[in-house]
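In what follows, a structure is listed as structure tokens, so that the remarks can point back to it.
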Amino acid sequence: MLLQTNTKKIQSKLADYCRTGELTLTTEVNQKHVHHYRRLVYNIIDDMLQSAFPIFYEYADTEIWDEIVNTFFSTHACQTPHVWKVPGEFYQYACDKNLKEKYNIPFLEDLLLFEWIELDIHTMKDEEFPAYKTKGNWSSDVLVVNPEYRILSVKYPVHTTAPINIDVSAPGQYFILIYREPKKGSVQFLDISILYALTIEKIEEEKTLSEIVGELQTIFSFPDKAFALEQIINFCKDLQQKDFVLGFKK
Amino acid sequence: MKSIQGKTGIGFRKDFAEEFLNENILQPNFIEVAPENWIDMGGYWKKIFDKVTEQYPLTCHGLSLSIGSPDELDWDFLKKLKLFLKQYKVRIYSEHLSYAKCDNAHLYDLLPIPFREDAVNHIVERIKNVQDFLEQKIAIENVSYYTTVAAEMDEPTFISNIVNGADCNLLLDVNNVYVNAFNHKYDAKEFIKKLPLDKVAYIHIAGHLQVEEDLIIDTHGENIIDPVFDLFDYTTRLIKPVPVLLERDFNFPEFDELQGELNRLQKICNNVWTPKHAATN
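If you're matching them up, the sequences are chains E and G in order.
Number 196 in numbering that gives the first Met the number 0 belongs to position 197 of the first sequence; there are no gaps in the numbering.
Number 191 in numbering that gives the first Met the number 0 belongs to position 192 of the second sequence; there are no gaps in the numbering.
Below, the structure is given as structure tokens:
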């Protein structure tokens with residue numbers, strides 16, 4: 000290392016000031032103007048998080064938002080060289096620090112996850128789409144799905160209900176299918192039941208819908224298996240219209 | 000491959016991407032992007048990026064390499080960067096003479112480096128390593144700064160020693176010279192004359208904002224002012240033809256206004272560079 004300890008220390012103190020707002024440099028910098036660095040750096044992070052989490056930003060009191068962002072930036076060392084990926088680190092930070100309890104917002108992690116994944120799916124690297132045929136048998140052929148998706152499991156209906164209307168005393172189990180529409184690249188999300196979440200999981204295991212109904216029988220005890228199969232087929236046909244189910248395995 | 004020497008380009012921004020592709024009002028000779036904003040990007044934005052890079056030559060101006068950082072270079076990032084530069088046939092890769100990462104934390108903005116001998120040696124070594132790895136020369140940009148930091152030498156000496164020591168190119172940001180000359184009370188033209196002008200491979204120019212009586216911030220959010228156009232004209236007379244990039248990051252005017260700025264820059268380039276070089280070629 001050619002850099003001397005003193006120079007390194009000065010650089011570290013300036014960077015630390017930008018992250019925390021606490022200036023420990025004295026004669027080394029222009030005291031009148033150095034605050035612009037803290038302002039500019041902080042604004043980049045604050046703007047990025049505001050645009051990534053618009054629902055939470057709108058819901059949170061300004062004081063709480065500022066405290067969370069300030070503490071995040073001053074205590075968390077951002078690892079990604081891509082500023083647009085910082086919201087993913089922010090979500091993880093909120094989970095690690097258990098901010099939902101600290102600020103008494105039980106649905107906080109669910110909401111941040113939902114907002115982050117929407118962004119993440121929109122920008123994620125292109126996946127290779129598997130080969131498929133457009134015609135086939137819905138019950139006995141393996142279906143092929145769009146690989147650019149995530150299924151989220153959340154306790155609060157953050158995808159359908161405004162935060163202010165969420166009943167925090169009644170957590171449940173909700174599943175959200177979030178995927179990227181292949182032609183335009185726009186993100187779609189659907190509220191789905193646990194039955195359909197498991198169906199998609201098993202489609203990925205290359206099982207036919209007929210086999211899937213058979214396996215799920217042990218969990219759901221369908222009174223009428225043929226009717227259950229029909230319902231699942233209809234669900235998959237709808238997903239084909241929505242560009243999630245692509246077709247049938249070749 | 001069409002030459003971009005002596006030609007004007009514009010920073011390509013997501014804010015105006017669709018309009019840019021759908022209309023023919025803004026017609027740069029090349030575009031520039033920050034690679035960090037496009038590496039690893041898929042979906043809608045990748046489609047847009049692929050489309051625009053099929054139509055325009057591309058240069059890249061990095062944000063996260065943090066060449067002046069006390070931290071280790073990020074080799075994982077450099078590997079991705081190398082692939083990206085190759086994939087999109089990037090004509091010039093430049094970075095800021097600043098640091099944006101320290102103590103293992105990214106800051107996503109450009110902090111001023113102490114103008115010191117040990118910093119020069121440290122940065123020279125890092126630029127050499129980066130150039131060796133990328134197998135190409137990079138251009139280093141003089142940045143605007145709002146405070147010196149424990150400086151032990153003047154800025155032109157700092158820049159010159161780095162550019163000459165590393166044998167890299169210089170991205171001369173004319174607006175940054177103007178901003179720094181105002182903020183730190185020196186003569187902009189004298190400053191430019193002291194730089195290694197034979198190493199200039201790229202020029203940046205932009206608008207700025209005066210926020211205090213004695214401070215200008217390099218915002219890239221305003222139109223270029225006349226004194227900066229004049230300084231650009233002065234600079235072009237001292238160097239060989241290079242690509243010239245108009246930076247506009249927000250507060251976007253109508254495209255015809257941006258095109259007007261590009262036209263004015265191109266006119267200066269043509270006046271100064273074309274006759275002289277046409278005569279010698």
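For each residue, glycine too, the CB sits at the ideal point set by N, CA and C.
Beyond the five residues adjoining it in sequence on each side, V40/E comes within less than 6 angstroms, by CB distance, of C17 in the same chain, given in chain order. For L245/E, no chain G residue has a Cβ inside 9 angstroms of its Cβ, as the nearest lies near 16 angstroms away. Counting of Cβ neighbours within 10 angstroms places Q216/E among the exposed residues, the total staying below 16. The residue among H219/G, V243/G, D197/G and R236/G with its C-alpha nearest the C-alpha of K188/G is R236/G. The contact set of F15/G on chain E, defined by CB atoms closer than 9 angstroms, is empty, because the minimum CB distance reaches about 17 angstroms. Excluding residues up to 5 positions away in sequence, E221, N222 and I223 lie with their Cβ nearer than 6 angstroms to the Cβ of G206/G in the same chain.
As for any alpha helix (DSSP H) of minimum length 4 sitting wholly inside the stretch 44-108 of chain E, the runs are 53-58, 61-74, 85-95 and 98-101, ordered along the chain.
Taking 7 angstroms as the cut-off between beta carbons, the residues of the stretch 91-105 of chain G near chain E are Y98, C101, D102, N103, A104 and H105, in sequence order.
Against chain G, the CB of L98/E has no partner CB under 8 angstroms away; the residue lies outside that interface.
At a cut-off of 8 angstroms between C-beta atoms, T146/G counts as an interface residue with respect to chain E. Under the Cβ criterion of 8 angstroms, N36/G is counted among the residues facing chain E. As the crow flies, the alpha-carbon of P113/G is around 9 angstroms from that of M152/G.
Counting C-beta pairs closer than 8 angstroms gives three or more between the stretch 190-203 of chain G and the stretch 163-173 of chain G, which meets the contact rule.
Going by beta carbons, L110/G and L13/E fall inside the 8 angstroms limit. Exclusion of the five residues before and after F72/E leaves R18 and I44 as the residues of its chain whose Cβ lies within less than 6 angstroms of its Cβ.
Against chain E, a Cβ distance below 9 angstroms from N120/G picks out L1 and L2. In this structure, DSSP gives N23/G a state outside helix and strand, which the three-state scheme calls coil. Taking the CA atoms as reference points, D14/G sits about 46 angstroms from S138/E.
By the Cβ rule, the stretch 89-103 of chain E does not count as touching the stretch 123-135 of chain G, because fewer than three pairs are nearer than 8 angstroms.
The alpha carbon of V144/E has as its nearest neighbour, out of L176/E, F89/E and S192/E, the alpha carbon of L176/E. DSSP lists I202/G as the bridge partner or partners of L171/G. Here the alpha carbons of F29/G and L261/G stand approximately 11 angstroms from one another. Taking the CA atoms as reference points, S152/E sits about 38 angstroms from G20/E. In terms of Cβ geometry, Q4/G and P226/G do not form a close pair [threshold 8 angstroms].
Taking a contact to require three or more Cβ pairs closer than 8 angstroms, the stretch 49-68 of chain E and the stretch 84-95 of chain G do not qualify as touching. Exposed is the label assigned to V167/E, since fewer than 16 other Cβ atoms lie within 10 Å of its Cβ.
If you look at V241/G, you'll find it isn't in any beta strand (DSSP E); DSSP assigns it neither H nor E. Within chain E, the C-beta atoms nearer than 7 angstroms to that of R115/G come from T6, in chain order. When secondary structure is reduced to three states using DSSP, S159/G falls in the helix class.
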